[in-house]
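Heads up, the thing below is written out as structure tokens.
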Amino acid sequence: MKSEYVQKILASTKLGETEIKKLVEKKRAELKGLISEEGALYIVAKELGVNLNGEKAQGSNGQSPKDVLDSISQVSEGKKIVLYGRIREIYDIHKFRRNQGEDGIVGSFILYDSSGEIKTVLWDEQTRIYMDERFVKNEVLKLVNVSAKLSRRGDVELHVGNYSGVEICPNDVDYSNT
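Take the sequence shown: its position 163, counted from the start at 1, is 163 in full-length UniProt numbering, and no numbers get skipped.
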């Protein structure tokens with residue numbers, strides 16, 4: 001673990017170093033080893049209200065997401081979130097015409113983890129990820145600043161729009177345990 005990050009948490013909380021290490025290991029265990037020690041440290045810090053970077057976590061446009069979630073089962077409507085998972089299924093891209101007469105593009109896939117799965121919808125420019133050769137079944141993704149919304153059927157789904165980011169094979173995941 002990066003000692004300067006641990007020091008920031010120590011300075012901002014009443015926890016000891018041993019307690020912080022236990023929280024990090026617990027978080028890694030909850031995520032079934034999907035995330036690195038440093039990634040788990042970031043999540044623990046966020047949960048404790050400690051900002052490790054001196055800046056807020058950001059999507060591709062600089063907007064701040066509201067929550068870093070541990071699992072898909074924690075997703076609820078109306079949140080902007082950061083979430084990790086694997087691709088279970090990828091559906092075709094479709095072109096459509098909006099009510100205003102503009103053309104649009106939509107694609108979707110199923111994201112899963114050990115707690116469940118959720119439909120994830122990509123809009124317009126975000127569908128470019130389909131061109132990435134790494135965008136395949138079972139690959140790990142990090143979704144940043146995505147919106148959790150109700151579908152027409154009443155299910156919660158994730159929407160990846162202009163202010164969202166999708167990272168394939170993120171650096172803060174420990175792949176030795178996946």
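Heads up, the beta-carbon is just placed ideally off N, CA and C, and yes, glycines get one too.
Keep in mind it's a predicted model, so treat the numbers as computed, not measured.
If you look at Leu23, you'll find it isn't in any beta strand (DSSP E); it sits in the alpha helix (DSSP H) that goes Glu17 to Glu30. For Ile43, the enclosing alpha helix (DSSP H) begins and ends at Glu37 to Leu48. Of the candidates Ile168, Lys14 and Tyr112, Tyr112 places its Cα closest to the Cα of Lys32. Restricting attention to Ser147, Ala29, Glu38 and Ile129, the CA atom closest to the CA of Ile87 is found in Ile129. When rounded, the separation of the alpha-carbon atoms in Tyr42 and Ser115 is 21 Å. Bounds of the alpha helix (DSSP H) holding Tyr5 are Ser3 to Ser12. Boundaries of the beta strand (DSSP E) around Asp103: Asp103 to Asp113.
For Tyr84, the enclosing beta strand (DSSP E) stretches over residues Lys80 to Ile90. Inclusion of Lys119 and Ile110 in the CB contact set at 8 Å is warranted, their separation being smaller than that value. The beta carbon of Glu167 sits closer than 6 Å to the beta carbons of Lys142 from its chain, once the five residues preceding and following it are set aside; these are given in chain order.
Apart from sequence neighbours up to five positions away, the residues of its chain that approach Glu117 with a beta-carbon distance below 7 Å are Ile72, Arg88, Ile110 and Leu111, ordered along the chain.
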